[in-house]
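K.L.:
In this note's numbering, the protein residues as written are 1 to 291.
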Amino acid sequence: MKTKILSVILSLFCTIGNISANEKIYVNREVTTHIVMPENIKLVDISTTKIIGNQCADNIVRIKPFIESDSIETSGYREDELLGTVTLIGERHIAQYDIVYTGSAQYAASIYHVSYQHAESYINPEVSMPVSEMARYAWAVYGSNRKYNQVVSRMHGMKAVVNNIYSIGDYFFIDYSLENRTKIAYDIEELRIKLTDKKEAKATNSQTIELTPVYTLNLAKKFKKHYRNVLVLPKLTFPDEKVLRLEISENQISGRLITLTIEYEDILHADGFDSDILKKSPYHYYPHIYR
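In structure tokens, the structure reads:
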């Protein structure tokens with residue numbers, strides 16, 4: 001079903017592309033061209049066999065002109081020859097480019113960034129928020145001032161605090177910090193997020209559900225004194241007898257473990273997001289791209 005939907009979108013966009021001129025990307029036999037989209041790519045279509053390529057990362061496609069002969073004297077293509085078109089279908093946008101050959105390697109694009117100005121948007125019911133949009137919101141949350149003061153934990157010379165909890169679309173953005181008050185650097189081995197009973201230690205039939213973030217801003221695994229991160233979780237509700245628990249463990253056999261316990265009351269008071277905060281975030285920077 002998903003493939004059929006994408007195929008219909010592709011055919012419709014190709015019809016639109018025939019009416020309006022596409023942007024051009026110049027390629028050369030000596031240059032591998034990387035096309036970077038600001039959101040994850042769901043489907044790539046290369047219209048002719050004159051272009052070879054593949055998707056080498058979640059949001060990056062690499063292409064090159066196909067050269068049948070190994071001769072270095074001729075490429076087999078004329079200057080400014082149209083080799084074909086490349087169509088990229090992202091989470092919420094579609095972009096289509098004409099691939100044009102140039103005999104000069106210096107004029108070929110080695111990295112080409114897709115602009116939303118050159119893309120068409122479409123409704124994708126499977127994606128409520130593109131990863132690039134999550135990244136932008138997460139950076140804005142990361143740069144905002146702390147509003148929460150009630151969720152604090154101290155263990156083993158470590159202090160953990162929840163700075164903010166924001167409700168944006170269908171997701172919760174949980175902003176937390178760690179402070180290392182010892183002289184030993186902290187190596188993060190694992191972050192686990194659990195929905196568990198308040199009295200888990202005493203309960204004989206307690207049920208724990210482990211949750212996986214859909215996005216994590218800070219991928220650093222080691223810090224000396226200060227660390228801050230933003231996690232994105234799908235919106236959820238849970239009864240008062242349950243709590244949301246963040247467990248950060250150290251990368252050692254006898255490593256330090258610190259936990260943050262978030263009550264349902266804290267989730268209910270999650271702030272709506274002020275769009276003005278987005279003005280402080282780097283619009284064209286997507287930290288998820290190259291991880």
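No residue lacks a Cβ here, since even glycine has one placed at the ideal position from N, Cα and C.
1) Can you list, in chain order, the residues of its chain whose CB lies under 7 Å from that of GLU189, leaving out five sequence neighbours each side?
2) Leaving out five residues on either side along the sequence, give the residues of the same chain with a beta carbon under 7 Å from the beta carbon of VAL141.
3) Per DSSP, ILE262 is paired with what?
4) May I have the straight-line CA-CA distance separating VAL232 from LYS50, to the nearest angstrom?
5) By Cβ distance, which residues of its chain are closer than 6 Å to ILE25, with the 5 residues on each side in sequence left out?
6) Around the Cβ of SER132, are there at least 16 other Cβ atoms within 10 angstroms (buried) or fewer (exposed)?
7) Are the segment 212 to 230 and the segment 146 to 158 touching by the rule of at least three beta carbon pairs closer than 8 Å?
8) What residues in its chain sit with their C-beta under 7 Å from that of ILE72, if we drop five residues either side in the sequence?
9) Kindly list the residues whose CB is nearer than 7 Å to the CB of CYS56, restricted to its own chain and excluding five residues on each side of it in sequence; keep chain order.
10) In three-state DSSP terms, what is LEU236?
11) With respect to the beta strand (DSSP E) encompassing GLU23, which residues constitute its N-terminal and C-terminal limits?
12) Here's a check: name, in chain order, each residue in its chain whose Cβ is nearer than 8 Å to the Cβ of ALA270, leaving out the five neighbours to either side.
13) Using the Cα positions of THR74 and LEU219, report the straight-line distance between them to the nearest angstrom.
14) Comparing C-alpha positions only, which one of ASP58, PRO65 and LEU191 sits nearest to SER47?
15) With a floor of 3 residues, list each beta strand (DSSP E) that falls wholly inside the segment 167 to 202, ordered by position along the chain.
16) Would you kindly check if the distance between the Cβ of TYR215 and the Cβ of ALA135 is under 9 Å?
17) Return the Cβ separation of LEU246 and THR259 in integer angstroms, given the expectation that the two are a contact with Cβ distance under 8 Å.
18) Report all residues from its chain with a CB closer than 8 Å to the CB of GLY169; omit the five preceding and five following residues, and keep chain order.
19) Hey, how far is the Cα of THR102 from the Cα of ARG78?
20) Go ahead and pull the three-state DSSP assignment for LEU219.
21) Applying the criterion that 16 or more other CB atoms from any shown protein chain within 10 Å of the CB defines a buried residue, is ALA160 buried or exposed?
22) Could you have a look at ILE60 and say whether DSSP puts it in helix, strand or coil?
23) Out of curiosity, what's the CA-to-CA distance linking VAL114 and GLU91?
24) Applying the 10 Å Cβ sphere with the 16-neighbour rule, what's the burial state of MET155?
25) Can you check the segment 74 to 121 for any alpha helix (DSSP H) of at least 4 residues that lies completely inside it and give the ranges in chain order?
26) Buried or exposed, going by whether 16 or more other CB atoms sit within 10 Å of the CB of THR208?
27) Using a Cβ cut-off of 9 Å (strictly closer), state whether LEU195 contacts chain D.
P.N.:
Answer, in terms of the structure:
1) Along the sequence shown, read from residue 1 onward, the residue named residue 189 stands at position 189. Excluding residues within five positions, the ones whose Cβ falls inside 7 Å are SER249, GLU250, ASN251 and GLY255.
2) Here the question's residue 141 lines up with position 141 in the sequence shown. Sequence-distant Cβ neighbours of VAL141 in its own chain, meaning closer than 7 Å and more than five residues away, are ASN164, TYR166, PHE173, ASP175 and VAL230.
3) Within the sequence shown, residue 262 is the residue found at index 262, counting from 1. According to DSSP, which records beta bridges pairwise, ILE262 is partnered with LEU244.
4) Reading the sequence shown from its first residue, position 232 is the one you call residue 232. Reading the sequence shown from its first residue, position 50 is the one you call residue 50. When rounded, the distance between both Cα atoms is 42 Å.
5) Against the sequence shown, residue 25 aligns to sequence position 25. If we look at ILE25 and ignore the five residues flanking it on each side, its Cβ neighbours are TYR97, ILE99, ALA109 and TYR112.
6) For the purposes of this step, residue 132 is taken as the residue at position 132 of the sequence shown. The residue in question, SER132, is buried, as its Cβ has 16 or more Cβ neighbours within 10 Å.
7) No, because fewer than three Cβ pairs between the segment 212 to 230 and the segment 146 to 158 fall closer than 8 Å, the two stretches do not touch.
8) Here residue 72 corresponds to residue number 72 of the sequence shown, with the count starting at 1. Note that ILE72 has pLDDT 49, beneath the 50 cutoff, so the model's placement of it is unreliable and no number is given.
9) Along the sequence shown, read from residue 1 onward, the residue named residue 56 stands at position 56. Closer than 7 Å at Cβ, skipping near neighbours: ARG62.
10) Sequence index remark: in the sequence shown, residue 236 carries index 236 (1-based). Here LEU236 sits in coil by DSSP.
11) In the sequence shown, counting from the first residue as 1, residue 23 sits at position 23. 23 to 27 is the extent of the beta strand (DSSP E) around GLU23.
12) Stepping through the sequence shown from its first residue, residue 270 is reached at position 270. Correct list, in chain order: ILE165, TYR166, SER167 and PHE172.
13) The count along the sequence shown starts at 1 and reaches residue 74 at position 74. The count along the sequence shown starts at 1 and reaches residue 219 at position 219. Since pLDDT at THR74 reaches only 49, below the 50 mark, its modelled position is unreliable, and the value read off the structure follows with that caveat. THR74 and LEU219: Cα-Cα distance of roughly 46 Å.
14) By 1-based counting over the sequence shown, the position of residue 47 is 47. Residue nearest to SER47 within the set ASP58, PRO65 and LEU191 is PRO65 (criterion: CA-CA distance).
15) With a minimum length of 3 residues, the continuous beta strand (DSSP E) runs that stay inside the segment 167 to 202 are 171 to 180 and 186 to 197.
16) In the sequence shown, the residue the question calls residue 135 occupies position 135. In the sequence shown, the residue the question calls residue 215 occupies position 215. In this structure, ALA135 sits near TYR215, with a CB-CB distance shorter than 9 Å.
17) Position 246 of the sequence shown, counting from 1, holds the residue named residue 246. Position 259 of the sequence shown, counting from 1, holds the residue named residue 259. About 6 Å separates the beta carbon of LEU246 from that of THR259, a gap short enough to meet the 8 Å contact definition.
18) Mapped onto the sequence shown, residue 169 falls at position 169. Within the same chain, GLY169 has close Cβ partners SER128 and MET129.
19) Within the sequence shown, numbered from 1, the residue matching residue 102 stands at position 102. Within the sequence shown, numbered from 1, the residue matching residue 78 stands at position 78. Straight through space, the alpha carbons of ARG78 and THR102 are spaced by roughly 8 Å.
20) Working through the sequence shown from its first residue, we reach residue 219 at position 219. Coil at LEU219, not helix or strand.
21) Residue numbering aside, residue 160 sits at position 160 when the sequence shown is read from its first letter. Only buried fits ALA160, as 16 or more other CB atoms lie within 10 angstroms of its CB.
22) Along the sequence shown, one-based indexing puts residue 60 at 60. Here ILE60 sits in strand by DSSP.
23) To locate residue 114, count along the sequence shown from 1; it is residue 114. To locate residue 91, count along the sequence shown from 1; it is residue 91. Taking the straight line from one Cα to the other gives about 14 Å.
24) Your numbering for residue 155 matches position 155 in the sequence shown. By the beta-carbon neighbour count (other beta carbons within 10 angstroms, threshold 16), MET155 is exposed.
25) Taking 4 residues as the shortest admissible run, the segment 74 to 121 contains no complete alpha helix (DSSP H) segment at all.
26) Stepping through the sequence shown from its first residue, residue 208 is reached at position 208. Classification for THR208: exposed.
27) In the structure shown, chain D does not exist; there is a single protein chain.
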